[in-house]
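These notes concern the structure reproduced below.
Protein chains in written order, with my numbering: chain A, 1 to 113; chain B, 114 to 223.
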C-alpha cells in the first residue's frame, strides 16, 4: 500500500508570494492533517480535514488555509508569505476516528527568501 | 493547558539502552505515541500505547506509562547507529487533536 505523498518536496518562494502544497493520503484514509515544523517551535498543528470539511484548526493566521477534495487529497495554501513561514510542512493521514493511527508524509521544505 | 515536554538531546553508547522521557499535562489523553524522524524525512510512527495500559513492548522498544505522574518513556534496547534520529512524544486528546513535544535528538556514540 502506498504511503502518504507530498508534492513538491522542496520549494523556494519570495516574501509576498503565495504557495500551494499538495498531499495525497493513504488509500482509504479520509482524514488529512497538516503540521508546520520549525527548529524553534517544533511541530505545530495547522488544521485537519475529514470528508472535505475542516474538522479541527490550530492557532495560525488566516493566511494559512486548506481544502480537501472528494478523493481525500488535500491542499494547503499560504498567502502573502513571510520569512517566518520557512519550515517543513508535514501532512498526515488516518482513516478517520480519534483512535486511528496517523501516518506522516515526507514533508515539503518551504524556504521563503 | 496542553503541553508535552521532553529533553532536547540524549547521547548513548552503541549497544547500551536509550531511555527517552516525556511528560504531558492533559489527563484526558487517549493515546500516547512515539514517532521517529530521520534527517530529511517525515515522521515514522514507532509505537503507541493506550492510556489505560502501563507498558507495551515491541521487539527492542519498551514504552512505560505512568498516568499518575503523566510520564511516558521509550526504552530502546541495544541501541544501534541506525537509531540516531529525533524522537517525538505525542498525545492524542479531546477533539481529535494530537499535541507533539519538541523532540529529543538521540546521538549514538561509537
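Glycine residues also receive a C-beta, built at the ideal position from the N, C-alpha and C atoms.
A quick note: this is a predicted structure, and the numbers were derived from the prediction, not measured.
Between residue i and residue j, which are expected to be in contact by the criterion C-beta below 8 Å, what is the C-beta distance as a whole number of angstroms?
| i | j | result |
| --- | --- | --- |
| residue 133 of chain B | residue 217 of chain B | 5 Å |
| residue 183 of chain B | residue 136 of chain B | 6 Å |
| residue 120 of chain B | residue 196 of chain B | In fact, because the Cβ distance is near 16 Å, the residues do not count as touching under 8 Å. |
| residue 23 of chain A | residue 41 of chain A | 21 Å between Cβ atoms; not a contact. |
Find out if the Cβ-Cβ distance for the pair residue i, residue j is shorter than 8 Å.
| i | j | result |
| --- | --- | --- |
| residue 116 of chain B | residue 138 of chain B | yes |
| residue 206 of chain B | residue 141 of chain B | yes |
| residue 214 of chain B | residue 106 of chain A | no |
| residue 32 of chain A | residue 93 of chain A | yes |
| residue 52 of chain A | residue 64 of chain A | no |
| residue 4 of chain A | residue 89 of chain A | no |
| residue 158 of chain B | residue 144 of chain B | no |
| residue 228 of chain B | residue 21 of chain A | The structure shown does not extend to residue 228 of chain B, since chain B spans only 114 to 223, so no value can be given for it. |
| residue 72 of chain A | residue 66 of chain A | no |
| residue 35 of chain A | residue 50 of chain A | no |
| residue 109 of chain A | residue 30 of chain A | no |
Can you tell which of the options has its C-alpha closest to the C-alpha of residue i?
| i | options | result |
| --- | --- | --- |
| residue 199 of chain B | B:178, B:181, B:153 and B:175 | B:153 |
| residue 146 of chain B | B:185, B:129 and B:194 | B:185 |
| residue 87 of chain A | A:10, A:2 and A:48 | A:10 |
| residue 47 of chain A | A:7, A:110 and A:62 | A:62 |
| residue 174 of chain B | B:150, B:203 and B:160 | B:160 |
| residue 38 of chain A | A:85, A:112, A:91 and A:113 | A:85 |
| residue 194 of chain B | B:171, B:221 and B:203 | B:221 |
| residue 26 of chain A | A:55, A:100 and A:111 | A:100 |
| residue 164 of chain B | B:150, B:171, B:179 and B:151 | B:179 |
| residue 28 of chain A | A:111, A:97, A:55 and A:60 | A:97 |
| residue 118 of chain B | B:203, B:219 and B:223 | B:203 |
Contact list for the segment 13-47 of chain A against chain B, Cβ threshold 7 Å: 42, 43 and 45
Residues, ordered as in the chain, of the segment 132-158 of chain B that lie near chain A by beta-carbon distance below 9 Å: 143, 144, 146, 148, 150, 153, 154, 155, 156, 157 and 158
contact_flag[the segment 81-90 of chain A, the segment 10-20 of chain A] where n(CB pairs < 8 Å) is 3 or more: yes
Touch test, the segment 124-132 of chain B against the segment 186-205 of chain B, Cβ-Cβ under 8 Å, three pairs minimum: yes
Residues from the segment 100-113 of chain A in contact with chain B, defined by Cβ distance under 7 Å: 101, 102, 103, 104, 105, 106 and 107
Cβ-based contacts, 8 Å cut-off: residues of the segment 154-187 of chain B near chain A: Along the segment 154-187 of chain B, going in chain order, the ones with a CB nearer than 8 Å to a CB of chain A are 154, 155, 156, 157, 158 and 161.
Where the segment 78-90 of chain A meets chain B: residues whose CB sits under 9 Å from a CB there: 88 and 90
Contacting positions in the segment 54-74 of chain A - beta carbon closer than 9 Å to chain B: 55, 56 and 58
Residues within the segment 186-202 of chain B neighbouring chain A, beta-carbon criterion of under 9 Å: The residues in question are 201.
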